[in-house]
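Engineer: The structure follows.
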Amino acid sequence: MKIKFFILFFLPSILFAQAQEWVNITCGNYIHGICKYKNIIWVGTMGGGLIKIDTITSETIFYNKANSILPDNFISSLVMDPSGILYIGTHSKGLIIIKDNNWKFYNSTNSILPNYSINDMAIDKKDTLWIAFMGGGLVSIKDTTIKTYNRTNSLIPSNNLFSIAVDNDNSIWLGTTQKIINFTKDQWNIYEPGDYLGVGGIIYDIVIDSLGNKWFGSDFGLIKYDNTKFTGYTVYNSEILNSEVRRMIVDKDNNKWLSFINGKLQKFTDSTWITIDSTNSKLPTYEVISFMVDSNIIWFGTYKGLIKFDKDNWIYYNTSNSGLTGNYINAICFENDSTRWFSMSHPLDEWFGAGIAKLSGNKWEIFDKDNSQLPTNSVLSLAIDKHGNKWIGMYEGGIAKFNNNNWQIFDTTISILLENVYSIADEVDDIWVGTQFTTFLYKDNNWKFFTDDPGGTVCSIAIDSSGNKWFCYLSFGIAKYDGEKWEHYSKSGLKFPFDDAWRLTIDNDNNIWAGSIFHGLTKFNEQNYIVYDTNNSEIPDNRIYALCFDNYNNLWIGTRNGLAKFDGINWTIYNETNSKLPVNEVTAIAIDKYDNKWIGTAGGGIAVYREGGVILDVEDSPDTLLNQNYSSIIYPNPVNNTATIEYNINSQSRVSLKIFDISGTEISTLVNKIQSQGSYKIPFEANLYNSGVYYYQLKTINRIEIGKMIIIK
Numbered sequence: 003m004k005i006k007f008f009i010l011f012f013l014p015s016i017l018f019a020q021a022q023e024w025v026n027i028t029c030g031n032y033i034h035g036i037c038k039y040k041n042i043i044w045v046g047t048m049g050g051g052l053i054k055i056d057t058i059t060s061e062t063i064f065y066n067k068a069n070s071i072l073p074d075n076f077i078s079s080l081v082m083d084p085s086g087i088l089y090i091g092t093h094s095k096g097l098i099i100i101k102d103n104n105w106k107f108y109n110s111t112n113s114i115l116p117n118y119s120i121n122d123m124a125i126d127k128k129d130t131l132w133i134a135f136m137g138g139g140l141v142s143i144k145d146t147t148i149k150t151y152n153r154t155n156s157l158i159p160s161n162n163l164f165s166i167a168v169d170n171d172n173s174i175w176l177g178t179t180q181k182i183i184n185f186t187k188d189q190w191n192i193y194e195p196g197d198y199l200g201v202g203g204i205i206y207d208i209v210i211d212s213l214g215n216k217w218f219g220s221d222f223g224l225i226k227y228d229n230t231k232f233t234g235y236t237v238y239n240s241e242i243l244n245s246e247v248r249r250m251i252v253d254k255d256n257n258k259w260l261s262f263i264n265g266k267l268q269k270f271t272d273s274t275w276i277t278i279d280s281t282n283s284k285l286p287t288y289e290v291i292s293f294m295v296d297s298n299i300i301w302f303g304t305y306k307g308l309i310k311f312d313k314d315n316w317i318y319y320n321t322s323n324s325g326l327t328g329n330y331i332n333a334i335c336f337e338n339d340s341t342r343w344f345s346m347s348h349p350l351d352e353w354f355g356a357g358i359a360k361l362s363g364n365k366w367e368i369f370d371k372d373n374s375q376l377p378t379n380s381v382l383s384l385a386i387d388k389h390g391n392k393w394i395g396m397y398e399g400g401i402a403k404f405n406n407n408n409w410q411i412f413d414t415t416i417s418i419l420l421e422n423v424y425s426i427a428d429e430v431d432d433i434w435v436g437t438q439f440t441t442f443l444y445k446d447n448n449w450k451f452f453t454d455d456p457g458g459t460v461c462s463i464a465i466d467s468s469g470n471k472w473f474c475y476l477s478f479g480i481a482k483y484d485g486e487k488w489e490h491y492s493k494s495g496l497k498f499p500f501d502d503a504w505r506l507t508i509d510n511d512n513n514i515w516a517g518s519i520f521h522g523l524t525k526f527n528e529q530n531y532i533v534y535d536t537n538n539s540e541i542p543d544n545r546i547y548a549l550c551f552d553n554y555n556n557l558w559i560g561t562r563n564g565l566a567k568f569d570g571i572n573w574t575i576y577n578e579t580n581s582k583l584p585v586n587e588v589t590a591i592a593i594d595k596y597d598n599k600w601i602g603t604a605g606g607g608i609a610v611y612r613e614g615g616v617i618l619d620v621e622d623s624p625d626t627l628l629n630q631n632y633s634s635i636i637y638p639n640p641v642n643n644t645a646t647i648e649y650n651i652n653s654q655s656r657v658s659l660k661i662f663d664i665s666g667t668e669i670s671t672l673v674n675k676i677q678s679q680g681s682y683k684i685p686f687e688a689n690l691y692n693s694g695v696y697y698y699q700l701k702t703i704n705r706i707e708i709g710k711m712i713i714i715k
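Residue numbers for the sequence shown follow our numbering, beginning at 3 and rising by one.
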């Protein structure tokens, strides 16, 4: 039976409240692998999961740990065999094989695969898959036969393999530290060209040109092997831009494209070195992490997304399911029920900032030093006062005040101590600021700093119901300021169990909860304290990064090794093994009025979690509904395999058909083109997603229709 969902309405917002308990919001711009089969591009990202792009229809599907059966959002390598079988190497969850939409998983628990990260993969002429592991040696897979090669059972000189390639003779070439390895018919040949070329170090990448020459990218230069001799190219004997070659590709014309550690890109024609920059390309960055050649087309995987170059045009493809520009989340704040603010770090380096992001409904806006008055992208702390002003604490940038229109910067021109701002708290019209050296108060447009506080890095600030200000210090415990005097509690003063305080919060009974860098969690009432650590409780780690109470007075604790919920008696632990948490390291937690936990992670972006189902409001453009010129149905519904969305168009129109998960995150674009009058049936592969409630949106320039779909497995 076909079930028809015909929903017509003006769309200021939709409130989704159903059964999907986890949502992953990520930056998928860090492209670590690219494959193509027919018109389908597969993209593997570090932190953003797996993306499938139809280059003809523009259909884009985002697979992540929360909305699909993908076990890891960190894809380290992709390869595809000639028949279209996709092999996915992950950072920590083994190997995935997708064949005819069927997913198979291999890891150390269900096979003899070593429990290490996959660095690189290649397929030989006999369709055997070869896998280079970091720490696990070499593995081959042919059909159901798996063989391992390591220092214990073979002559391979190292288990730490960085790169792999297969030549025209079906020989396997491997890159490790200081050595190039050739494996042919069970014979191991070891080369150490760095000994006499001065070019060695780690062999990060291997490519083979049409003449059979092997090219090796290392952190001391480029190496060529013509099957007779080795030749080295360094900054001392060639025009190569940098000696640290990280990624390479050989194009159809036998040109070598080189990506360097310093963010530069170069093309080598065997006689000429050509620098790729803004004068001859439209790449958003020259830090290329992966390449793919498809006839005359070169695909570039960068840390700013996927770019296609067809020798005439540069085309950008979105690979993120959000507007985040980094997956290291330092802070989360709510402006209102539908507007959230996040500070981020760069996807390549957690210490390199990526600015701040604003999510209003489902609309993203990024503020960084390039498009705003922020002096730096390194944002450490965020707070929003009762007037809606955003206070942004920066590393080496002071603090910024932003009222949605104007910026005001307070920095070392006010005080040499107002530089690295680690914490901010709002009290009516007073702003309390913790820096690397002391505490500041901004009151009546004036700044005051305290000389009688304990001193040192102020990592967190909270205000109790009596108006007392509480501060935690990286090296001096915690302190209370009642408006007149300071009271200091530290281990050295025998009033507190540790000095390395990092985060604090206050419960409804005015108890202070403080987390440390090394010594767990403490509950403190100014007289007594209780310590919760890995020796006497179920807390997953003694390093505490985030603390937040929910609407039911449960304490949520972000640690280096997972998320914990503590109701005063019982512990519930969430980690990347037993939940959809993308990574174990939880760096920020904020809880909204619907009791959604917004969880910032170190490298995994944002996870949203709510027991019983996430509730998010999703805004869309306020299109005015005009004439009824189409209708749609979806069947079967519920579905456990493939659903069909059928609709009619009465006149030519640009049509968009998208699928959203329960959070309102777009997971697939099925149609995005002009269609003529007629009837259309569009398949949707529901079997690739978790059980739960999903929505499709059919849109033309003057009408929106939304239907609900339930996936049951």
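Note that beta-carbon positions come from the ideal geometry of N, C-alpha and C, so glycine has one too.
Am I right that Asn161 and Asn152 are in contact with their C-beta atoms under 8 Å? What's the rounded C-beta distance?
Structural biologist: By one-based count along the sequence shown, residue 161 stands at place 159. By one-based count along the sequence shown, residue 152 stands at place 150. Yes, they are in contact, since the Cβ atoms of Asn161 and Asn152 sit about 5 Å apart, within 8 Å.
Engineer: By how many angstroms is the C-alpha of Ala68 removed from the C-alpha of Thr667?
Structural biologist: As a first step, residue 667 is located in the sequence shown; it is residue number 665 there, counting from the start. As a first step, residue 68 is located in the sequence shown; it is residue number 66 there, counting from the start. Each residue's Cα considered, the two are about 11 Å apart.
Engineer: From the DSSP output, read off the bridge partner residues of Leu583.
Structural biologist: Within the sequence shown, residue 583 is the residue found at index 581, counting from 1. According to DSSP, which records beta bridges pairwise, Leu583 is partnered with nothing at all.
Engineer: Which ranges does the beta strand (DSSP E) cover as unbroken runs of at least 3 residues, wholly within the region 267-325, from first to last along the chain?
Structural biologist: List check, beta strand (DSSP E) in window: 267-270, 275-278, 290-296, 299-304, 307-311 and 316-319.
Engineer: I'd like the list of long-range same chain contacts for Tyr65, defined as Cβ closer than 6 Å, with 5 residues on each side in sequence excluded.
Structural biologist: Translated into the one-based positions of the sequence shown, residue 65 becomes position 63. Excluding residues within five positions, the ones whose Cβ falls inside 6 Å are Gly51, Leu52 and Leu72.
Engineer: Judging by CA-CA distance, which residue of Val45, Ile225, Thr341 and Gly615 is the nearest neighbour of Tyr305?
Structural biologist: On the sequence shown, residue 305 is found 303 positions in, with the first residue counted as 1. The shortest C-alpha separation from Tyr305 is found at Val45.
Engineer: Counting along the chain, where does the beta strand (DSSP E) carrying Asn537 start and finish?
Structural biologist: What you label residue 537 is simply residue 535 of the sequence shown in a count that begins at 1. Note, Asn537: premise wrong, no beta strand (DSSP E); not H, not E.
Engineer: If you pair each beta-carbon of the region 382-400 with each one of the region 329-345, do three or more pairs fall below 8 Å?
Structural biologist: The region 382-400 vs the region 329-345: in contact.
Engineer: Considering Pro685, what are the terminal residues of the beta strand (DSSP E) in which it resides?
Structural biologist: Walking along the sequence shown from the start, residue 685 turns up at place 683. It spans Gly680 to Glu687 - the beta strand (DSSP E) in which Pro685 sits, taken as one unbroken run.
Engineer: Which word fits Ile33, buried or exposed, when buried means at least 16 other C-beta atoms lie within 10 angstroms of its C-beta?
Structural biologist: The residue you call residue 33 lines up with position 31 of the sequence shown. So Ile33 ends up on the buried side.
Engineer: With DSSP as the reference, label Leu260 as helix, strand or coil.
Structural biologist: Working through the sequence shown from its first residue, we reach residue 260 at position 258. Of the three classes helix, strand and coil, the one that applies to Leu260 here is strand, per DSSP.
Engineer: Name the DSSP beta bridge partners of Gly91, please?
Structural biologist: Here residue 91 corresponds to residue number 89 of the sequence shown, with the count starting at 1. Paired residues: Ser79 and Leu97.
Engineer: Given Asn470, which residues of its chain have a CB within under 6 Å of its CB, disregarding the five upstream and five downstream residues?
Structural biologist: If you number the sequence shown from 1, residue 470 lands on position 468. Result list for Asn470: Lys482 and Asp484, in chain order.
Engineer: Grab the span of the beta strand (DSSP E) containing Val381 for me, first residue to last.
Structural biologist: For the purposes of this step, residue 381 is taken as the residue at position 379 of the sequence shown. Element bounds for Val381: Val381 to Ile386.
Engineer: Going by Cα to Cα distance, which pick from Glu687, Ile647 and Ser653 is closest to Lys710?
Structural biologist: Along the sequence shown, read from residue 1 onward, the residue named residue 710 stands at position 708. Answer by Cα proximity: Ile647.
Engineer: Do Gly395 and Pro382 come within 7 Å of each other at the CB atom, strictly closer than that value?
Structural biologist: Looking up residue 382 in the sequence shown gives position 380. Looking up residue 395 in the sequence shown gives position 393. What sits at residue 382 in the sequence shown is Leu, not Pro. Contact flag set, yes.
Engineer: Helix, strand or coil for Gly666 per DSSP?
Structural biologist: Here residue 666 is taken as the residue at index 664 of the sequence shown, counted from 1. Gly666 falls in the coil class under three-state DSSP.
Engineer: Beta-carbon separation of Ser78 and Ile120 under 7 Å?
Structural biologist: On the sequence shown, position 76 is the one that residue 78 refers to. On the sequence shown, position 118 is the one that residue 120 refers to. Yes. Within cutoff.
Engineer: Counting only the same chain and skipping the five closest in sequence on each side, list residues whose C-beta sits under 8 Å from that of Trp353.
Structural biologist: Counting from one through the sequence shown, the residue named residue 353 turns up at place 351. Here Trp353 scores only 47 on pLDDT, less than 50, and its place in the model should not be relied on; the value that follows carries that caveat. Excluding residues within five positions, the ones whose Cβ falls inside 8 Å are Ser347 and Ser380.
Engineer: DSSP three-state call for Gly223: helix, strand or coil?
Structural biologist: Walking along the sequence shown from the start, residue 223 turns up at place 221. Residue state, collapsed to three classes: strand.
Engineer: Quick one: is Thr459 buried, meaning 16 or more other Cβ sit within 10 Å of its Cβ, or exposed?
Structural biologist: In the sequence shown, the residue the question calls residue 459 occupies position 457. Burial call: buried.
Engineer: Tell me where the beta strand (DSSP E) around Lys54 begins and ends.
Structural biologist: Mapped onto the sequence shown, residue 54 falls at position 52. Looking at the DSSP string, the run of the beta strand (DSSP E) that includes Lys54 is Leu52 to Asp56.
Engineer: Roughly how many angstroms lie between the CA atoms of Asn172 and Leu88, to the nearest whole one?
Structural biologist: In the sequence shown, residue 172 corresponds to position 170, counting from 1. In the sequence shown, residue 88 corresponds to position 86, counting from 1. In a straight line, the C-alpha of Asn172 is about 20 Å away from that of Leu88.
Engineer: Is Arg249 buried or exposed, if buried means 16 or more other CB atoms sit within 10 Å of its CB?
Structural biologist: Reading the sequence shown from its first residue, position 247 is the one you call residue 249. By the neighbour-count rule (16 or more Cβ atoms within 10 Å), Arg249 is buried.
Engineer: Mapping the DSSP letters down to three states, classify Gly214 as helix, strand or coil.
Structural biologist: Within the sequence shown, the letter at position 212 stands for residue 214. DSSP places Gly214 in coil when its eight states are reduced to three.
Engineer: Tell me the DSSP secondary structure of Leu72 in three-state form.
Structural biologist: Counting from 1 along the sequence shown, the entry for residue 72 is found at position 70. Reduced to three states, the DSSP call for Leu72 is coil.
Engineer: Using three-state DSSP, classify Gly196 as helix, strand or coil.
Structural biologist: Mapped onto the sequence shown, residue 196 falls at position 194. Gly196: helix per DSSP, three-state reduction.
Engineer: Where do the N-terminal and C-terminal ends of the beta strand (DSSP E) with Cys461 fall, by residue?
Structural biologist: Position 459 of the sequence shown, counted from the first residue, corresponds to residue 461. Looking at the DSSP string, the run of the beta strand (DSSP E) that includes Cys461 is Val460 to Ile465.
Engineer: Do Asn282 and Asn264 have their C-beta atoms closer together than 7 Å?
Structural biologist: As a first step, residue 282 is located in the sequence shown; it is residue number 280 there, counting from the start. As a first step, residue 264 is located in the sequence shown; it is residue number 262 there, counting from the start. Against a cut-off of 7 Å, the Cβ pair of Asn264 and Asn282 comes out as no contact.
Engineer: Quick check on this structure: which residue in Gln189, Tyr227 and Thr178 has the alpha carbon closest to the alpha carbon of Gly203?
Structural biologist: Along the sequence shown, read from residue 1 onward, the residue named residue 203 stands at position 201. For the residues Gln189, Tyr227 and Thr178, the minimum Cα distance to Gly203 belongs to Thr178.
Engineer: What residue range does the beta strand (DSSP E) around Tyr696 cover?
Structural biologist: Stepping through the sequence shown from its first residue, residue 696 is reached at position 694. Looking at the DSSP string, the run of the beta strand (DSSP E) that includes Tyr696 is Gly694 to Thr702.
Engineer: Are there three or more Cβ pairs, one per stretch, closer than 8 Å when the region 545-559 is compared with the region 519-536?
Structural biologist: Touching, yes.
Engineer: Enumerate in chain order the residues of its own chain whose CB-to-CB distance from Asn586 is below 6 Å, with the five nearest sequence positions on each side excluded.
Structural biologist: Sequence index remark: in the sequence shown, residue 586 carries index 584 (1-based). Here the set comprises Asn563, Gly564, Asn577 and Glu578.
Engineer: Please name the residue or residues paired with Lys567 in a DSSP beta bridge.
Structural biologist: Along the sequence shown, one-based indexing puts residue 567 at 565. Partner(s): Trp558 and Thr574.
Engineer: Compute the Euclidean distance between the alpha carbons of Thr671 and Pro456, then round it to the nearest angstrom.
Structural biologist: Translated into positions along the sequence shown, residue 671 becomes position 669. Translated into positions along the sequence shown, residue 456 becomes position 454. Using only the alpha carbons, I get a separation of about 56 Å.
Engineer: Counting C-beta neighbours from all protein chains within 10 Å, is the total for Asp74 16 or more, i.e. buried, or is it exposed?
Structural biologist: Taking the first residue of the sequence shown as position 1, residue 74 is located at position 72. With 16 or more other Cβ atoms within 10 Å, it is buried.
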